[in-house]
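Undergrad: Taken in sequence, the protein lines are chains A and B. Taken in order, the first sequence gives residues 24 to 267; the numbers are from the numbering used here. Taken in order, the second sequence gives residues 15 to 514; the numbers are from the numbering used here.
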Amino acid sequence: MLHGGPGPYGVTAPRILIVDDDPNLLVILAEQLKADGYEVQTARDGEEALRRLAQSWPDLLIIDMLMPRMDGLTLAREVKARADLPIIVLSAIDTADSKADLLEEVAEDYVTKPYHYPELRARIQRVLRRLGDRVPRQRLNLGPNLALELHRREAIVGGNVVSLTPTESRLLYALAANLGQTVTTETLLARGWADTEDADPSYVWVTMRRLRQKVEIDPNKPLHLLTVRGIGYRLVGASAPVGS
Amino acid sequence: MSTEPAPAAGSPAAPAPATEAAPAPESELTGVPVYRSAGLGFRTRLTLGLIVAAVLPVLGFGVVVLLATGASGDASSNLMRVLLFAVAVAVVFAVLLAAYLAADLAAPLRAIERSVERVSAGDLATRLELPGDDEFSRLAESHNRLAANLERRNRELRRILNALEAITLHERPEVLAIQAGARAREAFGMIDCEILLVDPRQIPFEEVVPGEAVPVRAELSAAGQVLGVAVGHLPATRRWERADQDLLELFAIEISAALRNAQLYARVEDQNRRLVALDEAKDDFLRGVSHNLQTPLASIRGYAQQLAAEAPDRRLGIITEQADRLSRMVRQLLTVNRIESGSLRPRLEVFAPAPRVRRTWEALGAGDVPFSLDDRSAGWLALADPDQLDQVLWAILDNAVRYGGRTAVDALVAVDAGTGLVSITIADHGAGVGDDDRDRLFLRYERGAERPSGEGSGLGLYVSRELCRAMSGELVLEPAAPDRGAAFTVSVPAEAAEES
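#1: Going by DSSP in three states, residue 239 of chain B sits in which element: helix, strand or coil?
#2: Look up residue 502 of chain B in the DSSP assignment and give the residues it is bridged to.
#3: If you run the structure through DSSP and keep just helix, strand and coil, what is residue 268 of chain B?
#4: Please report the Cβ distance between residue 334 of chain B and residue 319 of chain B, rounded to the nearest whole angstrom; I am assuming they are in contact, meaning their Cβ atoms lie under 8 Å.
#5: Taking Cβ to Cβ, would you say residue 256 of chain A is nearer than 8 Å to residue 231 of chain A?
#6: Pick out the complete beta strand (DSSP E) segments inside the stretch 399-442 of chain B, 3 residues or longer, and give them in chain order.
#7: Under 8 Å between beta-carbons, which chain B residues line up against residue 109 of chain A? List them in chain order, please.
#8: Under a CB-based cut-off of 8 Å, is residue 129 of chain A close to chain B?
#9: In its own chain, which residues sit with a C-beta less than 7 Å from the C-beta of residue 199 of chain A, not counting the 5 before and 5 after it?
#10: The beta strand (DSSP E) that contains residue 87 of chain A, what's its start and end?
#11: Within the chosen definition, does the stretch 128-148 of chain A reach the stretch 65-79 of chain A through at least 3 CB pairs nearer than 8 Å?
#12: Would you mind working out which of A/243, A/168 and A/96 sits nearest residue 85 of chain A, comparing C-alpha positions?
#13: Quick one: what does DSSP say residue 228 of chain A is sitting in, helix, strand or coil?
#14: Can you find a C-beta in chain B that's less than 8 Å from the C-beta of residue 54 of chain A?
#15: Would you identify the three-state DSSP class for residue 457 of chain B, choosing helix, strand or coil?
#16: Quick check on residue 251 of chain B: buried or exposed, where buried means 16 or more other Cβ atoms within 10 Å of its Cβ?
#17: For the beta strand (DSSP E) that contains residue 111 of chain A, what are its first and last residues?
#18: Less than 6 Å between C-beta atoms, sequence neighbours within five positions excluded: which residues of the same chain meet that for residue 263 of chain B?
#19: Measuring only the C-alpha atoms, how far is residue 239 of chain A from residue 194 of chain A?
#20: Can you look up residue 386 of chain B in the DSSP assignment and give me helix, strand or coil?
#21: For residue 45 of chain A, does the count of other Cβ atoms within 10 angstroms reach 16, so buried, or fall short, so exposed?
#22: Given residue 447 of chain B, which residues of its chain have a CB within under 7 Å of its CB, disregarding the five upstream and five downstream residues?
#23: Ignore the nearest five residues each way along the sequence and tell me which others in residue 476 of chain B's own chain have a CB closer than 7 Å to its CB.
#24: When we look at the beta-carbon of residue 136 of chain A and count the other beta-carbons within 10 Å, is it buried (16 or more) or exposed?
#25: Going along chain B, which residues have a C-beta under 7 Å from residue 18 of chain A?
#26: Reducing DSSP to helix, strand and coil, say where residue 38 of chain A ends up.
#27: To the nearest angstrom, report how far apart residue 223 of chain B and residue 187 of chain B are at their CA atoms.
#28: Answer with buried or exposed for residue 43 of chain B, where buried requires no fewer than 16 other C-beta atoms within 10 angstroms of its C-beta.
#29: Quick check: is the beta carbon of residue 317 of chain B nearer than 8 Å to any beta carbon in chain A?
#30: Considering Cα atoms alone, identify which of B/180, B/361 and B/326 is closest to residue 190 of chain A.
#31: In angstroms with no decimal places, state the Cα-to-Cα distance between residue 130 of chain B and residue 80 of chain B.
#32: Does chain A have any CB closer than 8 Å to the CB of residue 369 of chain B?
#33: Can you name, in chain order, every residue of its own chain whose Cβ lies under 6 Å from the Cβ of residue 315 of chain B, other than the five neighbours on each side?
#34: Taking Cβ to Cβ, would you say residue 422 of chain B is nearer than 8 Å to residue 443 of chain B?
#35: So with Cβ pairs under 8 Å, would you call residue 192 of chain A a contact of chain B?
#36: Taking 8 Å as the threshold (beta carbon to beta carbon), is residue 504 of chain B in contact with chain A?
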């Protein structure tokens, strides 16, 4: 980082740059974030945001989707072209929108307007925490029948592309960052459901079962997603082809 | 040669035309004699003719001499012998000579026959060699020309077929016309060729001037519609015959069909593009409307909450709730748009349904309405799109409060392990749904008959049912029961919450 801050787990507060053309929203959101101890900068449009980026890099950007002149998607691409900074897009479009996929390619997460602040805060925390996971942005080959393209939320299973839900890819993110090692159910729960109040370990169990159905050739004889009973799960690579 | 008529031996009763291969018999039933042509060969007939021509005068001479000397007694017998000998010698010579001549004359005919057979069998390369300058050699020459022409046309036809094959379908008609023009030029060996997509009457016919490039043209039409005209020029030395024109017209027919397809395809493509553009424009418009409504709502909500945190006030809670209500209605309109364009894409996540029901109820802000939640879904998690299920629950709970006359609202969350569905039944204690309304309730823009038309969008139940179905679930109105008012059940897939 240019400004020398030690990052999300360090002493200095994480710096967030908010980009939105609505001044009211900028003010209220900035106040809410400052109250939670974040250092906040604001920009009214994409150009101002890029100017601010030229001076220093924040730890995270919150970008409004629809802005005059440069829209959020373009800005997010510009930012990613300069540095792999985490981005949360704030927009009136929801997950079912056809543009949501485009967003997912450039943004780490997105929150629909009108946002509920506790949810937004949970997502900010999750995105900042995920910076600690060292998951390569390229394809991760785990064996002859499984490869992960987590930044695209895809798994390639026996040659077929299988799309993953945001939660599923978050769990795989956490597991892939600790490849071969056991990740506890509690850790996975925190990674997958940081913004869900009533989540419990059964969320992890059921999601892992469904994930296994997606990424394992034979879900009853898993090769990659292994259960460590009573503790957690493990993601491992398999060298021998299935059936040999 | 079995040319003589032969009776059908062994089957005298068989009718004559029954077997075509059998020699035609004299029909005993009809009494009409059936003959086949005597059909002596050309060579045989020529031989016989020559023999007759050579021997007749000798015989005639002999007869005359005999008649003249017949009266003079025994001197004749001596002369007779001489004459007979001379006749015999003449006959022998005549036969030999005739046979030789006939064979010599028939040989070229045989050769021509064999060559014609070769040509008709498709061998166009070998030529007929008949030296000399007689009728036969001229016949051979014209036969060779015929074969050469056939060969050339075959080559042309092949080039044309290749040319047609090389034309890209699904190309725009103008591009196709340019392509086809170039192909025709190559295939027919023209100097230039253009396919003009205009009324052929606009293109004047060109005069043929000896020594200059020969103009050719063919009109293009398909399905009774004139599409244009192909015009081109041939080198002055090139002969352009009827068969060449026929080939060009054949080419024109094929190109016309391709052009017509291209035109139709282009029209459909164009319409599709326009529809897609229109659809995108509509989506963009709705996105913009949604954005412009949701952004101020976000501020309203944010400030109201901030104020409430500083100094709690019931009215700030109302502002927040109403902002939420408005923002949900905006979302509902977007959802209707997606239902109509078939682009609902639920993102299935795993979650406990009952807390969701409670949270939605709390967000509704109907604190004065009694609410009970009976959760019998322990050990199961719903598999649904949380956002979409929220929309559904909100619409149904909101309905229960509005149309239940603020009577108590009961929610029951249960699981049917057999079907693997979790069901959420929400009932009020109001008047319930009239029989007339039961069928109309889920239609778009419909409200119950009793309800004021200014209230709500009339979309809630329609949108909710579509959302449920998109998640492989269902939304139904429960039958009327004495102990409750209206009751709706939402069901979505569920999974057992076990470690695995």
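Using N, Cα and C, we set each Cβ at its ideal position, and we do this for glycine too.
TA: For this structure:
#1: In this structure, DSSP gives residue 239 of chain B an extended state, which the three-state scheme calls strand.
#2: Answer is B/440 and B/491, bridged to residue 502 of chain B.
#3: In this structure, residue 268 of chain B counts as helix in the three-state DSSP scheme.
#4: Sure, about 6 Å apart at Cβ, within 8 Å.
#5: With respect to residue 231 of chain A, residue 256 of chain A sits close: the two C-beta atoms are nearer than 8 Å.
#6: As far as the stretch 399-442 of chain B is concerned, its whole beta strand (DSSP E) runs of at least 3 residues are 423-430 and 435-441.
#7: For the C-beta of residue 109 of chain A, not a single chain B residue is nearer than 8 Å; the gap to the nearest is close to 21 Å.
#8: No - not a single Cβ of chain B is within 8 Å of the one on residue 129 of chain A.
#9: The residues are 158, 163, 171, 173 and 258.
#10: Counted as a single uninterrupted DSSP element, the beta strand (DSSP E) harbouring residue 87 of chain A occupies residues 83-87.
#11: Touching, no, given that fewer than three Cβ pairs across the two stretches are closer than 8 Å.
#12: Measuring C-alpha to C-alpha distances from residue 85 of chain A to each of A/243, A/168 and A/96 identifies A/96 as the nearest.
#13: Here residue 228 of chain A sits in helix by DSSP.
#14: Using a CB distance cut-off of 8 Å, residue 54 of chain A counts as an interface residue toward chain B.
#15: It is coil, neither helix nor strand.
#16: With fewer than 16 neighbouring CB atoms inside 10 Å of its own CB, residue 251 of chain B falls in the exposed class.
#17: Looking at the DSSP string, the run of the beta strand (DSSP E) that includes residue 111 of chain A is 110-114.
#18: The answer, listed in chain order, is 232.
#19: C-alpha separation (whole angstroms): 15 Å.
#20: Here DSSP, grouped into helix, strand and coil, assigns residue 386 of chain B to strand.
#21: Its Cβ being crowded by 16 or more others within 10 Å, residue 45 of chain A is buried.
#22: The residues are 455, 462, 491 and 500.
#23: Hits under 7 Å: 456, 457 and 458.
#24: By the neighbour-count rule (16 or more Cβ atoms within 10 Å), residue 136 of chain A is buried.
#25: A query on residue 18 of chain A cannot be resolved here, the shown segment of chain A reaching from 24 to 267 and no further.
#26: Note: residue 38 of chain A maps to strand in three-state DSSP.
#27: If I take the Cα positions, the gap works out to 33 Å.
#28: At residue 43 of chain B the pLDDT is 49, less than 50, meaning the model places this residue with poor confidence; the figure from the coordinates comes in the next sentence. Exposure of residue 43 of chain B is indicated by the presence of fewer than 16 other C-beta atoms within 10 angstroms of its C-beta.
#29: Using a Cβ-Cβ cut-off of 8 Å, residue 317 of chain B counts as an interface residue toward chain A, since at least one Cβ of chain A sits closer than that to its own.
#30: When only C-alpha atoms are compared, the closest one is B/361.
#31: Whole-angstrom Cα-Cα distance: 52 Å.
#32: Flagged as an interface residue toward chain A: residue 369 of chain B, by a C-beta distance shorter than 8 Å.
#33: When the five nearest sequence neighbours on each side are left out, the beta carbons in the same chain lying within less than 6 Å of the beta carbon of residue 315 of chain B are those of 334 and 337, in order along the chain.
#34: Yes. Within cutoff.
#35: Any Cβ of chain B closer than 8 Å to the Cβ of residue 192 of chain A would place that residue at the interface, and such an atom is absent.
#36: Look at residue 504 of chain B: its C-beta is not under 8 Å from any C-beta on chain A.
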